[in-house]
Ligand SMILES: C[S@@+](CC[C@H](N)C(=O)[O-])C[C@H]1O[C@@H](n2cnc3c(N)ncnc32)[C@H](O)[C@@H]1O
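In my numbering, the protein residues as written are 411 to 673.
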């Protein structure tokens, strides 16, 4: 096992808060990746792994159009003009503006990237949640201080050669020379609060699709018994490691286990 062949720099911190961010995984895997020409993250989220490894070439993708617009605007040298102040009233004014623009179908603009970043820093826990009509509905975060960046130049440098897509993970163009890191939404039985859920059949679709791709890859997920069975039965090599988060839904506060599945 060797380090990735083509690195631009030491890597950068993800600019967004994101549920399930995987920056913590980098020390576990960075020295264990096979040589690759291009890193692919089909479920990029805040892109923690790709930004942390900072390879020269990457294909990154997410089904969330606001996330994709944000990173595309950063790639085009977005400067952050704080669109609203840090008060509850300002936050809800920003959220209204964001939703008006969604309603008008104007989601791929620098203004929307600015507001998305503002909502991510200022809203509750950095959540990104939409109601059944597709409107952002995360409440105000009540932080005493918030650090907002003024630019994203360090990230733009890393993104320079990256292809950023907004598709279902099955629709992007994988190719020989890729190493793929797969981080779908976690398997959890408790997703009914969310209108758009990543269901168990999506978990099966994900594991089956990538098992048949014939390219080197690593998948991570919550190490539930059925996820471990699914990936084991598809011929992945499985490890489990302690994740830096707690299981709290059942009342105990034990460490959550993360599955790493290699092909
Ligand atoms: C666990 S998060 C990824 C977190 C990321 N690894 C990070 O470190 O920030 C899962 C992501 O999958 C995306 N997603 C859900 N369904 C998808 C699909 N069918 N195709 C592509 N992306 C999808 C979600 O929008 C979400 O950003």
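Yeah, the Cβ is synthetic: ideal placement off N, Cα and C, and Gly gets one too.
- Remark: the shortest separation between the CB of residue 449 and any heavy atom of ligand 1 does not fall under 7 Å.
- Considering only 452, 466, 460, 616, the residue with the shortest C-alpha distance to residue 640 is 616.
- In the three-state DSSP reduction, residue 581 falls in the helix class (H, G or I).
- For the segment 528 to 612, the full-length beta strand (DSSP E) segments reaching 3 residues or more read 573 to 575, 588 to 592 along the chain.
- Around the Cβ of residue 643, a 10 Å sphere holds fewer than 16 other Cβ atoms; the residue is exposed.
- Counting along the chain, residue 426 sits inside no alpha helix (DSSP H), nor does DSSP assign it H or E at all.
- Taking non-hydrogen atoms of ligand 1 into account, the C-beta of residue 432 is found less than 7 Å away from one of them.
- Distances between the C-beta of residue 474 and the heavy atoms of ligand 1 include at least one below 7 Å.
- At a threshold of 7 Å, residue 522 does not count as near ligand 1, since its beta carbon sits no closer than that to any of the ligand's heavy atoms.
- DSSP, reduced to helix, strand and coil, places residue 648 within a strand of the structure shown.
- Listed in chain order, the non-local C-beta contacts of residue 627 below 8 Å within the same chain comprise 589, 590, 591, 592, 620, 672, 673, local neighbours out to five positions each way being set aside.
- About 5 Å separates the beta carbon of residue 594 from that of residue 453, a gap short enough to meet the 8 Å contact definition.
- Sixteen is the threshold: when 16 or more other Cβ atoms of the shown chains lie within 10 Å of the Cβ of residue 630, as they do, the residue is buried.
- Distance from the C-beta of residue 477 to the nearest heavy atom of ligand 1 is below 7 Å.
- Distances from the CB of residue 544 to the heavy atoms of ligand 1 are all 7 Å or more.
- A residue is called buried when at least 16 other Cβ atoms come within 10 angstroms of its Cβ; residue 510 does not meet this threshold and is exposed.
- Per DSSP, residue 639 is one residue of the alpha helix (DSSP H) stretching across 635 to 643.
- In the DSSP annotation of this structure, the continuous segment of the alpha helix (DSSP H) that includes residue 478 starts and ends at 475 to 485.
- DSSP, read as helix, strand or coil, puts residue 628 in strand.
- Here residue 520 carries a helix assignment [DSSP, helix/strand/coil].
- Pairing residue 552 with residue 502, the inter-Cα distance amounts to about 12 Å.
- For residue 433, no pairing in a beta bridge is given by DSSP.
- Taking each of 522, 446, 532, 428 in turn and checking the Cα distance to residue 495, the smallest one comes out for 532.
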